[in-house]
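In the working numbering, the protein residues as written are 47 to 398.
Glycine is no exception: its CB is placed at the ideal position from the N, C-alpha and C atoms.
Every value quoted in this text rests on a predicted model; they were computed, and no experiment measured them.
As structure tokens, the structure follows; a few thoughts come after it.
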């Protein structure tokens with residue numbers, strides 16, 4: 047991205063799109079019973095509350111009535127239908143992991159099979175986005191967490207800590223290329239999760255080869271543990287690589303969430319918050335609900351002079367429903383340089 051004169055002035059930035067991640071699949075309800083919805087009615091109401099607070103993108107996971115993360119696509123269909131009816135303008139973004147929570151005590155935290163994740167392209171009603179990870183990576187979500195961050199929660203238990211510290215995101219080319227094709231066919235936007243520059247570079251090659259023909263809408267995931275570090279240097283290095291047409295949301299964990307989001311706010315990027323990412327206020331004197339986190343970002347953004355996007359405006363900023371016909375159109379719309387004529391695009395491949 048290029049930061050030209052005036053880039054930090056709110057009148058030269060898009061309105062802020064806030065993603066809410068209120069379902070927190072790594073937690074169990076007793077970790078934060080005041081803010082972890084379990085019944086379907088409560089899960090739908092949580093989406094409504096987040097939207098009313100100012101969030102326009104809902105990062106969606108689902109729970110069963112026993113409080114465990116659901117791996118049943120029928121439950122996803124039910125929640126999507128309920129949210130769509132209650133807040134029709136909200137962008138529904140299904141977490142591509144489905145639920146990485148362990149299925150039983152002492153079990154590993156792991157992502158489901160490729161075949162199961164591919165079925166997210168068949169959800170009905172359709173979500174607006176499905177998050178797509180690119181390149182297999184360690185996902186040690188507790189590496190950057192302080193002992194006090196997880197004290198008294200299930201992650202502080204030996205089994206829980208072990209499960210999440212050893213989690214791996216499986217995403218090989220045979221998975222993500224096919225997954226993107228299926229999402230494209232269903233007209234569901236791929237919301238790319240970039241853990242570092244190499245995952246972005248792989249997506250650029252997918253675009254140059256004609257596998258993905260849509261807007262570059264993505265998250266920079268700075269949680270450590272195999273993913274990028276939540277520092278200004280890591281963020282600046284990533285920003286120098288991506289093109290100006292990118293719609294980028296910053297994401298971090300625990301008490302890194304607010305400062306990373308404030309950097310994103312100032313630079314015209316977009317933000318994510320919620321109990322999936324963080325449980326605490328900055329002094330760690332009390333837990334902070336997803337709605338409270340959203341309200342805090344709305345206040346800060348307005349202090350910057352940057353207005354918060356409505357649901358309809360967020361859909362325009364994210365280019366929901368937009369796909370392109372050609373590689374050349376995709377590159378130009380996203381701000382990439384055109385393909386060099388006659389040159390192989392990616393190792394031993396040409397653009398489709």
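- Taking 8 Å as the cut-off, the Cβ atoms of residue 106 and residue 139 count as close.
- According to DSSP, residue 295 shares a beta bridge with 265 and 316.
- When the alpha-carbon of residue 49 is set against those of 174, 226, 246 and 282, the nearest one is in 282.
- In this chain, the beta strand (DSSP E) harbouring residue 106 covers 103-106.
- Around the beta carbon of residue 389, fewer than 16 other beta carbons sit within 10 angstroms, so the residue counts as exposed.
- Taking all protein chains shown into account, residue 111 has fewer than 16 neighbouring C-beta atoms within 10 Å of its C-beta and is therefore exposed.
- Judged by DSSP in its simplified three-state form, residue 94 adopts helix.
- Spanning the alpha carbons of residue 81 and residue 189 requires a straight line of approximately 24 Å.
- Shown here, residue 238 sits in a strand according to DSSP, grouped into three states.
- Residues of the same chain with a CB within less than 8 Å of the CB of residue 53, apart from the 5 flanking positions on each side, are 59, 313 and 314 in chain order.
- One thing to note: residue 364 has its Cβ within 8 Å of the Cβ of residue 63.
- In the DSSP assignment, residue 139 forms a beta bridge with 105 and 175.
- In the structure shown, the three-state DSSP call for residue 333 is strand.
- Going by beta carbons, residue 115 and residue 145 fall inside the 8 Å limit.
- Each residue's CA atom was taken as its position, placing residue 75 and residue 200 some 10 Å apart.
- The continuous beta strand (DSSP E) containing residue 66 extends over residues 64-66.
- Taking the C-beta atoms as reference points, residue 310 is found no nearer than 8 Å to residue 336.
- Spanning the alpha carbons of residue 109 and residue 93 requires a straight line of approximately 14 Å.
- Excluding five sequence positions before and after residue 125, the CB atoms of its chain that fall closer than 6 Å to its own CB belong to 89 and 108, given in chain order.
- With 16 or more other Cβ atoms inside 10 Å of its own Cβ, residue 323 counts as buried.
- Collapsing the DSSP output to three states places residue 145 in coil.
- Looking from the CA of residue 259, the closest CA among 128, 186, 379 and 71 belongs to 379.
- DSSP places residue 362 inside the alpha helix (DSSP H), whose first and last residues are 357-364.
- Taken atom to atom, the span from the alpha-carbon of residue 271 to that of residue 263 is near 23 Å.
- Sixteen is the threshold: since fewer than 16 other Cβ atoms of the shown chains lie within 10 Å of the Cβ of residue 193, the residue is exposed.
- Apart from sequence neighbours up to five positions away, the residues of its chain that approach residue 242 with a beta-carbon distance below 6 Å are 274, ordered along the chain.
- In the three-state reduction of the DSSP assignment, residue 120 falls in the helix class.
- Residue environment: residue 51 is assigned as exposed (fewer than 16 neighbouring CB atoms within 10 Å of its CB, all protein chains considered).
- Distances from the CA of residue 197 to each of 387, 326 and 244 were compared; the closest alpha carbon is that of 326.
- Pairing residue 377 with residue 253 gives a Cβ-Cβ distance under 8 Å.
- Taking C-beta atoms as the reference points, residue 360 and residue 103 count as a pair closer than 8 Å.
- Cβ-Cβ separation between residue 306 and residue 296: approximately 5 Å, consistent with a contact (criterion under 8 Å).
- Annotated three-state conformation of residue 184 is strand, per DSSP.
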